[in-house]
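J.:
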Amino acid sequence: MWLHTIYVIAIVAEAMSGAIMGMRMGMDLFGLCVIGVVTALGGGTIRDAVLGHHPVGWVSHPEYLVFTVGASLLAAATARVLPRLRQAFLLADAAGLVAFSIIGCNIANSLALHPGIAVVSGMITGICGGVLRDILCNEVPLVLRREFYASVALIVGVLYIGLLSLGLEQDVAALITLVLGFILRLAAIRFRWRLPSFGGEKNIHSIH
Amino acid sequence: MWLHTIYVIAIVAEAMSGAIMGMRMGMDLFGLCVIGVVTALGGGTIRDAVLGHHPVGWVSHPEYLVFTVGASLLAAATARVLPRLRQAFLLADAAGLVAFSIIGCNIANSLALHPGIAVVSGMITGICGGVLRDILCNEVPLVLRREFYASVALIVGVLYIGLLSLGLEQDVAALITLVLGFILRLAAIRFRWRLPSFGGEKNIHSIH
Amino acid sequence: MWLHTIYVIAIVAEAMSGAIMGMRMGMDLFGLCVIGVVTALGGGTIRDAVLGHHPVGWVSHPEYLVFTVGASLLAAATARVLPRLRQAFLLADAAGLVAFSIIGCNIANSLALHPGIAVVSGMITGICGGVLRDILCNEVPLVLRREFYASVALIVGVLYIGLLSLGLEQDVAALITLVLGFILRLAAIRFRWRLPSFGGEKNIHSIH
């Protein structure tokens with residue numbers, strides 16, 4: 157199925173971008189493979205552990221581990237030229253974010269969960285890999301700070317669940333969502349859309 | 157049930173305090189909602205994933221997500237006045253810590269687990285939300301460092317399980333535990349109780 | 157069974173080393189017990205939550221919590237002399253890494269999972285406790301950065317699953333793996349084996 161093809165392309169791209177970040181943090185060959193795998197597969201793993209959806213994706217598809225470890229090693233071998241492919245990675249990452257979110261919605265639907273939970277399941281799938289990557293690299297997660305990124309996962313989930321509830325077939329709804337979500341994410345990058353953030357407001361006092 | 161009412165008040169207060177911390181870390185509107193939700197619901201989620209208790213609380217009660225997202229947005233809108241309500245938050249947080257712990261014990265009991273595991277289940281529920289918040293904000297978790305806070309979760313769990321084992325009805329045991337635990341936590345704040353900590357002992361050598 | 161004995165020795169040693177690290181981070185008595193318990197039991201807990209293997213180890217064996225809390229308190233009481241026992245800890249940690257990995261493989265096999273997943277299950281068991289410890293202490297996980305440590309978990313898993321697939325009995329395969337894995341880890345320490353790492357390559361550009 158075409159959604160699966162996009163998913164595989166996306167986990168390869170995510171693993172490569174995670175491995176690059178691991179290299180920048182001074183990790184060794186093993187560590188950057190871990191970061192690559194976790195970035196690519198961590199979101200789905202958290203989703204499945206939280207929803208009680210077993211076996212987890214990579215447990216029933218061990219080849220995903222091979223793909224993502226291979227992608228991490230490839231990233232290590234080609235680290236000096238990869239940044240020149242930045243545009244390609246942004247495209248793969250944008251498609252991946254949307255594909256991850258749709259797949260997360262599908263998993264929740266297969267468990268007959270509430271539509272709102274399906275949207276959250278999509279968001280967990282879309283953003284938690286990057287959150288885990290940033291925690292392992294000891295950074296405040298990027299997606300929580302300054303990108304119109306996580307919001308795309310939310311909008312994609314609402315759109316997809318909405319289209320399904322209108323009676324569209326899953327394939328058609330997924331295709332429409334993928335195209336619109338992809339355009340939305342690229343527009344967010346191109347026009348530097350951001351949600352309001354609160355970084356400069358040092359006068360906010362803790363209530364702890 | 158009154159314990160549920162206290163729980164809802166507590167998750168709202170926890171979400172607001174989490175969102176405030178997210179704002180201080182420079183997160184955007186989406187990020188601070190995530191921090192708010194995770195602070196409020198993360199402890200119960202970890203507990204349920206570890207104990208294999210599905211569906212997780214917010215999956216069967218999606219309204220908890222609405223409450224905590226709403227509380228996070230409210231915190232963002234009122235950030236400048238919230239610190240003046242510090243006293244109210246401390247009270248809500250103290251009641252919440254005790255209510256979370258009691259609820260965690262109840263979940264473990266519903267799974268017929270060992271009484272000691274019920275106490276641990278209460279502690280996970282009470283403190284892991286704050287631990288996740290601090291990890292996402294890239295801080296060493298506050299509750300592990302310098303507050304007589306996590307200890308309250310432990311004492312509350314032991315007291316509650318002890319009262320149940322004496323044959324008290326669940327409601328009576330919960331009420332007694334809530335009152336005593338609440339007083340204990342406020343006394344800990346008032347009199348600045350602390351466990352011994354080891355921060356100054358730089359002469360402790362790693363054994364790694 | 158002898159593997160269980162080594163496991164118990166290993167969780168005690170891991171808890172003590174985790175508690176020592178918690179003390180160095182300025183944690184209080186409660187916090188260092190949490191770090192000790194998480195370091196010792198966190199890897200198995202993540203493995204079980206991800207694989208859907210319930211009840212988790214310490215839930216069916218609450219005595220593991222007693223052992224690891226006791227070990228953490230003992231470490232706090234003897235912090236000044238412990239570093240002199242560094243050699244003993246390195247030996248216990250090396251045996252523990254191998255025992256953890258073998259046990260993780262066994263759990264996956266008991267769930268009839270793919271051999272490759274069994275190896276990953278062993279690695280999660282062996283290294284995730286230390287990863288959680290470092291996340292809680294706000295450090296980039298040591299095992300991802302500069303030790304031939306995680307690689308031992310990988311090699312041990314491949315060796316053990318390989319021996320089982322050759323038809324050896326579980327006990328024999330475990331014993332051979334334990335001896336060879338132990339020697340491998342000690343050799344890695346003695347001869348300072350490292351995987352290539354990428355710390356100095358500041359000219360690697362992010363592709364985000």
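Protein sequence lines correspond, in order, to chains A, B and C. Everything in the first sequence is counted per my numbering, starting at 157 for the first residue and increasing by one. Everything in the second sequence is counted per my numbering, starting at 157 for the first residue and increasing by one. Everything in the third sequence is counted per my numbering, starting at 157 for the first residue and increasing by one. Here a beta-carbon is modelled for each residue, glycine too, at the ideal position from N, C-alpha and C. Owing to the predicted nature of the structure, the values given are computational and were not obtained by experimental measurement.
Going by beta carbon distance, what residues of the same chain come within less than 6 Å of residue 214 of chain B, once the five residues before and after it are set aside?
T.: For the purposes of this step, residue 214 of chain B is taken as residue 58 along the second sequence, with counting starting at 1. Contacts found: 197, 220, 221.
J.: Using 8 Å as the threshold, is the region 256 to 267 of chain C in touch with the region 309 to 317 of chain C, meaning 3 or more CB pairs across them?
T.: yes
J.: Using a Cβ cut-off of 8 Å, which residues of the region 277 to 310 of chain B contact any Cβ in chain A, in chain order?
T.: 291, 292, 293, 294, 298
J.: What's the call for residue 352 of chain C, buried or exposed, on a 16-neighbour Cβ count within 10 Å?
T.: Position 196 of the third sequence, counted from the first residue, corresponds to residue 352 of chain C. That one is exposed.
J.: Taking the alpha carbon of residue 277 of chain B as the point to measure from, which residue in B/180, B/257, B/286, B/253 has its own alpha carbon closest?
T.: Looking up residue 277 of chain B in the second sequence gives position 121. Of the listed residues, the one whose Cα sits closest to residue 277 of chain B is B/257.
J.: In terms of alpha-carbon separation, which member of B/234, B/168, B/306 lies closest to residue 248 of chain B?
T.: Here residue 248 of chain B corresponds to residue number 92 of the second sequence, with the count starting at 1. Comparing Cα positions, the closest option is B/168.
J.: Tell me whether the beta-carbon of residue 241 of chain A lies closer than 9 Å to the beta-carbon of residue 308 of chain A.
T.: The sequence position of residue 241 of chain A within the first sequence is 85, counting from 1. The sequence position of residue 308 of chain A within the first sequence is 152, counting from 1. Against a cut-off of 9 Å, the Cβ pair of residue 308 of chain A and residue 241 of chain A comes out as no contact.
J.: Using a C-beta to C-beta distance shorter than 9 Å, which residues of chain B count as neighbours of residue 353 of chain A?
T.: The sequence position of residue 353 of chain A within the first sequence is 197, counting from 1. For the C-beta of residue 353 of chain A, the chain B residues within less than 9 Å are, from N- to C-terminus, 179, 182, 183, 184, 185, 187, 188.
J.: With which residues is residue 184 of chain A paired in a DSSP beta bridge?
T.: Position 28 of the first sequence holds residue 184 of chain A. Note: residue 184 of chain A sits in a beta bridge opposite C/353.
J.: Anything in chain A within Cβ reach of residue 191 of chain B, meaning under 9 Å, just list it in chain order.
T.: Numbered from its first residue, the second sequence carries residue 191 of chain B at position 35. Under the 9 Å cutoff, chain A gives 300.
J.: Does residue 252 of chain A get closer than 9 Å to chain C when you measure Cβ to Cβ?
T.: Here residue 252 of chain A refers to the residue found at position 96 when the first sequence is read from its first residue. No - not a single Cβ of chain C is within 9 Å of the one on residue 252 of chain A.
J.: Is it right to say residue 170 of chain B is buried, meaning 16 or more other beta carbons lie within 10 angstroms of its own, or is it exposed?
T.: Taking the first residue of the second sequence as position 1, residue 170 of chain B is located at position 14. That one is buried.
J.: Should residue 301 of chain B and residue 192 of chain C be called a contact, given that it needs their Cβ atoms to be closer than 9 Å?
T.: The residue labelled residue 301 of chain B in the question sits at position 145 within the second sequence. The residue labelled residue 192 of chain C in the question sits at position 36 within the third sequence. Taking 9 Å as the Cβ cut-off, residue 301 of chain B and residue 192 of chain C do not qualify as a contacting pair.
J.: Beta-carbon of residue 222 of chain C versus every beta-carbon of chain B: anything under 9 Å?
T.: Walking along the third sequence from the start, residue 222 of chain C turns up at place 66. Judged by the 9 Å Cβ criterion, residue 222 of chain C is in contact with chain B.
J.: Hey, residue 201 of chain B and residue 212 of chain B are a contact pair by Cβ (cut 8 Å); roughly how many whole angstroms apart?
T.: To locate residue 201 of chain B, count along the second sequence from 1; it is residue 45. To locate residue 212 of chain B, count along the second sequence from 1; it is residue 56. Their Cβ separation, rounded to whole angstroms, is 5 Å, which keeps residue 201 of chain B and residue 212 of chain B in contact under 8 Å.
J.: Mind checking if residue 215 of chain A is an interface residue toward chain C, Cβ cutoff 9 Å exclusive?
T.: Against the first sequence, residue 215 of chain A aligns to sequence position 59. By this cut-off, residue 215 of chain A is an interface position.
J.: Under a three-way DSSP split, which group does residue 160 of chain B fall into?
T.: What you label residue 160 of chain B is simply residue 4 of the second sequence in a count that begins at 1. Three-state result, residue 160 of chain B: helix.
J.: What's the gap between the Cα of residue 173 of chain B and the Cα of residue 179 of chain A?
T.: Along the second sequence, read from residue 1 onward, the residue named residue 173 of chain B stands at position 17. Along the first sequence, read from residue 1 onward, the residue named residue 179 of chain A stands at position 23. Rounded to whole angstroms, residue 173 of chain B to residue 179 of chain A spans 35 Å at the Cα level.
J.: May I have a chain-ordered list of the alpha helix (DSSP H) segments no shorter than 4 residues that lie completely inside the region 189 to 229 of chain B?
T.: Listed in chain order, the complete alpha helix (DSSP H) runs (minimum 4 residues) inside the region 189 to 229 of chain B are 213 to 216.
J.: Given that residue 273 of chain C touches chain A, what residues does it touch there, using C-beta distances under 7 Å?
T.: Residue 273 of chain C sits at position 117 when you count from the first residue of the third sequence. Simply 215, 218.
J.: Quick check: is the beta carbon of residue 235 of chain B nearer than 9 Å to any beta carbon in chain A?
T.: As a position in the second sequence, residue 235 of chain B is number 79, starting the count at 1. At least one chain A Cβ lies under 9 Å of residue 235 of chain B.
J.: Tell me whether the beta-carbon of residue 271 of chain C lies closer than 9 Å to the beta-carbon of residue 292 of chain A.
T.: As a first step, residue 271 of chain C must be located in the third sequence, where it is residue number 115. As a first step, residue 292 of chain A must be located in the first sequence, where it is residue number 136. No. Outside cutoff.
J.: Can you tell which of B/236, B/349, B/162, B/348 has its C-alpha closest to the C-alpha of residue 175 of chain B?
T.: The count along the second sequence starts at 1 and reaches residue 175 of chain B at position 19. Minimum Cα distance to residue 175 of chain B is reached at B/236.
J.: Residue 323 of chain B: buried (16+ other C-beta within 10 angstroms of its C-beta) or exposed?
T.: Position 167 of the second sequence, counted from the start, is the residue given in the question as residue 323 of chain B. So residue 323 of chain B ends up on the exposed side.
J.: Check the C-beta distance from residue 199 of chain C over to residue 285 of chain C and give it rounded, since I have them as a contact under 8 Å.
T.: Within the third sequence, residue 199 of chain C is the residue found at index 43, counting from 1. Within the third sequence, residue 285 of chain C is the residue found at index 129, counting from 1. 4 Å between Cβ atoms; contact.
J.: Along the chain, where does the alpha helix (DSSP H) that runs through residue 262 of chain A open and close?
T.: Locating residue 262 of chain A in the first sequence gives position 106, counting from the first residue. Annotation: the continuous alpha helix (DSSP H) that includes residue 262 of chain A extends over 242 to 266.
J.: So residue 205 of chain B contacts chain C; which residues on that side make the cut at Cβ distance below 8 Å?
T.: One-based indexing of the second sequence puts residue 205 of chain B at position 49. Result: 205.
J.: Excluding the five sequence neighbours on either side, which residues of its own chain have a C-beta within less than 6 Å of the C-beta of residue 283 of chain C, listed in chain order?
T.: As a first step, residue 283 of chain C is located in the third sequence; it is residue number 127 there, counting from the start. 299, 306, 309, listed in sequence order.
J.: Assuming residue 259 of chain B and residue 159 of chain B make a contact with CB atoms under 8 Å, what is their CB distance in whole Å?
T.: Working through the second sequence from its first residue, we reach residue 259 of chain B at position 103. Working through the second sequence from its first residue, we reach residue 159 of chain B at position 3. The Cβ separation is near 7 Å, so the contact holds.
J.: Taking the continuous alpha helix (DSSP H) assigned at residue 338 of chain B, which residues delimit it?
T.: Your numbering for residue 338 of chain B matches position 182 in the second sequence. Residues 326 to 346.
J.: Mind checking whether residue 232 of chain B and residue 304 of chain A have CB atoms under 9 Å apart?
T.: Along the second sequence, read from residue 1 onward, the residue named residue 232 of chain B stands at position 76. Along the first sequence, read from residue 1 onward, the residue named residue 304 of chain A stands at position 148. Cβ distance not < 9 Å, so residue 232 of chain B and residue 304 of chain A don't count as in contact.
J.: Could you check whether residue 230 of chain A and residue 345 of chain A sit closer than 9 Å to each other, using their CB atoms as the reference points?
T.: Along the first sequence, one-based indexing puts residue 345 of chain A at 189. Along the first sequence, one-based indexing puts residue 230 of chain A at 74. No. Outside cutoff.
J.: Taking the alpha carbon of residue 333 of chain A as the reference point, which residue from A/290, A/275, A/216, A/239 has its own alpha carbon closest?
T.: Your numbering for residue 333 of chain A matches position 177 in the first sequence. Considering only alpha carbons, the answer is A/275.
J.: Nearest to residue 183 of chain A by CA position, among A/218, A/281, A/294, is which residue?
T.: Position 27 of the first sequence holds residue 183 of chain A. Comparing Cα-Cα distances from residue 183 of chain A to each of A/218, A/281, A/294, the minimum goes to A/294.
J.: For a contact meaning CB atoms closer than 9 Å, what does residue 208 of chain B contact in chain C?
T.: Working through the second sequence from its first residue, we reach residue 208 of chain B at position 52. Neighbours of residue 208 of chain B on chain C, chain order: 204, 205, 208, 209, 210, 211, 212, 215.
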